[in-house]
Amino acid sequence: MTQTIPKSHISGTVAAIEPRPHTSGRMINAVVIESDMLDEAFPASIPHTDDEILHAIREAGIVGMGGAAFPGNVKALTSMGNVDTLIANGCECEPYITADDSLLRLTPEQVLDGMMILEGLLHPQRVVLAVEDNKAEA
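Going by the working numbering, the sequence shown opens with residue 5, and the numbers climb by one from there.
Structural data, given as structure tokens:
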């Protein structure tokens, strides 16, 4: 069995490994990281094959935002060859949430890179980045 090394969205020190609430409603073991406030990125390798892309999606823990937190790699696998339009939804769901706006302003190249990787995997006819008209900087 191959052991994978999990990656974090922040840089810092592991403070604990303990049960935490999951979107499924269950408690699952989680790694608690004390941020070093440096926000240093882990050097990433870019996946090239379909299998590498699906593996990277799974290892990143990307899941659907619905209550079931459906695995993103399974969604991508079952959509391959069946996508007309790939939409990267950069529209916030609430008036005071600005995560999408911040992501698009601070790391636009990474957003576009991700869209191009998915385009290569899913082969849609169109690729759309949806941004609210009140987010001019994004």
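A virtual CB, placed ideally from N, CA and C, is assigned to each residue, including glycine.
Throw me the rounded Cβ distance for the residue i and residue j pair, which I believe falls under 8 Å.
i: residue 92; j: residue 115; result: 7 Å
i: residue 136; j: residue 96; result: 7 Å
i: residue 104; j: residue 118; result: Residue 104 to residue 118, Cβ: 13 Å. No contact.
Which first and last residues belong to the beta strand (DSSP E) in which residue i is found?
i: residue 32; result: 31-39
i: residue 21; result: 16-25
i: residue 133; result: 130-134
Specify, as a first and last residue, the run of the alpha helix (DSSP H) that residue i falls within.
i: residue 110; result: 103-110
So, at 8 Å on beta carbons, what are the nonlocal neighbours of residue i in its own chain, with the 5 sequence-adjacent residues on each side left out?
i: residue 22; result: 33, 34, 36
i: residue 19; result: 36, 37, 38
i: residue 134; result: 91, 92, 93, 94, 95
i: residue 132; result: 89, 90, 91, 92
i: residue 121; result: 50, 51, 57
i: residue 130; result: 88, 89, 90
With a CB to CB cut of under 6 Å and the five nearest residues on each side skipped, what residues in its chain are close to residue i?
i: residue 141; result: 109
i: residue 26; result: 32
i: residue 139; result: 105
i: residue 24; result: 34
Might you give, ordered along the chain, the residues of its own chain that have their beta carbon closer than 7 Å to the beta carbon of residue i, omitting 5 neighbours on each side?
i: residue 16; result: 37, 38, 39, 40
i: residue 61; result: 76, 77, 80
i: residue 14; result: 37, 39, 43
Any 3 or more C-beta pairs closer than 8 Å across the segment 30-42 and the segment 63-80: No, the segment 30-42 is not in contact with the segment 63-80.
Alpha helix (DSSP H) runs contained entirely in the segment 45-94, provided each spans 4 or more residues: Annotation note: the segment 45-94 contains the following uninterrupted alpha helix (DSSP H) runs of length 4 or greater, listed N- to C-terminal: 54-63, 76-83.
Meets three-Cβ-pair contact criterion under 8 Å: the segment 98-117 and the segment 55-67: Between the segment 98-117 and the segment 55-67, the count of Cβ pairs shorter than 8 Å is below three; the stretches do not touch.
Contact between the segment 123-132 and the segment 81-90 (3+ Cβ pairs under 8 Å): These segments touch.
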